[in-house]
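Counting in the numbering used here, the sequence shown runs from 10 upward without gaps. Glycine is no exception: its CB is placed at the ideal position from the N, C-alpha and C atoms. Only one structure is covered here, and it is reproduced in the block below.
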Amino acid sequence: MYMEMKIKPIDLPGVDTQRPLIITGPCSAESEEQVMQTARSIADKGIKIFRAGIWKPRTKPGGFEGVGEIGLQWLKRVKKETGMYTATEVATRDHVFEALKAGIDVLWIGARTTVNPFAVQEIADALKGVDIPVLIKNPVNPDLELWIGAIQRIYGAGICRIGVVHRGFSSYDKKIYRNLPLWHIPIELRRRMPELPIICDPSHIGGKRELIAPLSQQAMDLSFDGLIIESHCNPDAAWSDKEQQITPDVLDYVLNLLVIREEIQTTENLSELRRQIDQVDEQLLELLAKRMRISREIGVYKKEHNMPVLQSPRYSEILEKRSSMGEAMDLNTDFTREILKKIHEESVRQQMIIMGDEE
């Protein structure tokens, strides 16, 4: 059960309300010269919101952890000289107070902070009585309820201009991406909270410059509301996350390549295809219900013959054979195996009920 929330758009005077909302700037504010050079180049591209990290939480101590409060003065200069709005990350009550005092226009809560309800509540308490847009990055782990909880805490402080940032999820097994996209999680968040703006962070998802463009397009194809991209005047010399930052010129090129698809258009052909999907989904559910009835019958047999519920050789055989069948039908192997695992888990649960081991 979720509290009723009336989220307002992240509207800022002079910022185009059409998709996508663009927020960009360096990962970290390193020097006044670096900040101003980057900001001027970004402003020349017509972008209205400049971001820079002032306090940088690092995975391990000893790395560059931000310049601190002095960097806020550089952002004030950016605002004064370019007319851009400014945005930065806050992780503590003091960060909030200092950022507000410096006139920062947009705040965001980082993934390492979102994961901690105590820290989020501290920030929420510091924001009471303030009207400012707040963006909330997903927690580092794929926990939708934790993400929603952070949104509720900020909303409970009286903040109505709230958005979320999808920056991907940490995984021990890193393959292509720095952080796995797991697109189904922000998609489910949109289903539950359709009024909530969702912004994609392709820099942190990809971790590599060459992945920013395709990830940005994927986000637009999924109807995300905006992009937050790290841009630096000299990425190769950046003090943090240099591999995922791009120059303002490259950023401009990436943005100009984006295809923004219309959401409101539909056709009779699309309606017919959707009707067919509805029918297939109904058939799938009927088949799954039938499979579970058979699983329960197997459970009865196992109970009568004093057999254990889990039959590992049989489960391994199903996974291998069905995965091969799915591959032959042009289904992704990982997708097929994940479905089979979920079906097996439910079959085991049904049989455990028969055995009397689960209420």
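Check: Given P195 as reference, the closest of Q227, R170, Y164 and K217 once Cα atoms are compared; Outcome: Q227
Check: Beta carbon of A48 nearer than 7 Å to that of R102; Outcome: no
Check: Backbone secondary structure at I194 - three-state DSSP; Outcome: helix
Check: Assigned secondary structure, K17 (DSSP; H/G/I helix, E/B strand, else coil); Outcome: coil
Check: Contact under 7 Å by Cβ, D261 with K54; Outcome: yes
Check: Endpoints, the alpha helix (DSSP H) within which F59 is located; Outcome: Note, F59: premise wrong, no alpha helix (DSSP H); beta strand (DSSP E) at I58 to R60.
Check: Among A298, C209 and R200, nearest to L189 - alpha-carbon criterion; Outcome: C209
Check: The beta strand (DSSP E) enclosing I237, as first and last residue numbers; Outcome: G235 to E239
Check: Three-way DSSP call (helix, strand, coil) for H104 in this model; Outcome: helix
Check: Sequence ranges, alpha helix (DSSP H) only - wholly within the segment 151-208, length at least 4; Outcome: 153-165 and 193-201
Check: Nearest residue (CA-CA) to I157, options L205, K184, V115 and L267; Outcome: L205
Check: Secondary structure of W117, DSSP reduced to three states; Outcome: strand
Check: Distance CB(K146)-CB(G119) smaller than 7 Å; Outcome: yes
Check: Cβ contact check for the segment 93-109 and the segment 59-67: 3 or more pairs under 8 Å; Outcome: yes
Check: C-beta contact flag for L267 and M229 at 7 Å; Outcome: yes
Check: Whole-Å CB distance - V76 paired with A111, under 8 Å assumed; Outcome: At roughly 13 Å, the Cβ-Cβ gap does not stay under 8 Å, so V76 and A111 are not in contact.
Check: Where H193 falls, given that 16 or more other Cβ within 10 Å makes a residue buried; Outcome: exposed
Check: For V263 and I63, the rounded distance between their alpha carbons; Outcome: 26 Å
Check: DSSP beta-bridge partners of G34; Outcome: E239
Check: Three CB pairs or more closer than 8 Å across the segment 231-247 and the segment 25-33; Outcome: yes
Check: One or two residues paired with Y94 in a DSSP bridge; Outcome: I58
Check: Contact the segment 291-310 vs the segment 331-338: 3+ CB pairs below 8 Å; Outcome: no
Check: V143 - DSSP class collapsed to helix/strand/coil; Outcome: strand
Check: Beta-carbon spacing of P151, V124 below 7 Å; Outcome: no
Check: Counterpart residues of I348 in DSSP-defined beta bridges; Outcome: Its beta-bridge partners do not exist; DSSP assigns none.
Check: Whole-angstrom distance between D20 and M202, CA atom to CA atom; Outcome: 18 Å
Check: Residues of its chain near A133, where Cβ-Cβ distance is below 7 Å and the 5 sequence neighbours each way are ignored; Outcome: R162, I163, G165 and A166
Check: Beta-carbon separation (whole angstroms), I168 vs V143, contact threshold 8 Å; Outcome: 5 Å
Check: Given H353 as reference, the closest of R331, S50, G365 and N341 once Cα atoms are compared; Outcome: R331
Check: Three-way DSSP call (helix, strand, coil) for R302 in this model; Outcome: helix
Check: Cα-Cα separation, Y181 to V173; Outcome: 24 Å
Check: Simplified DSSP assignment, three categories, for I63; Outcome: coil
Check: Rounded separation between M10 and R199 - CA only; Outcome: Per-residue confidence for M10 stands at a pLDDT of 46, beneath the threshold of 50, marking its modelled position as unreliable; no derived number is given.
Check: First through last residue of the alpha helix (DSSP H) which encompasses I51; Outcome: E41 to D53
Check: Alpha-carbon to alpha-carbon, L155 and K383; Outcome: It is not possible to answer for residue 383, since the shown part of the chain is limited to 10 through 368.
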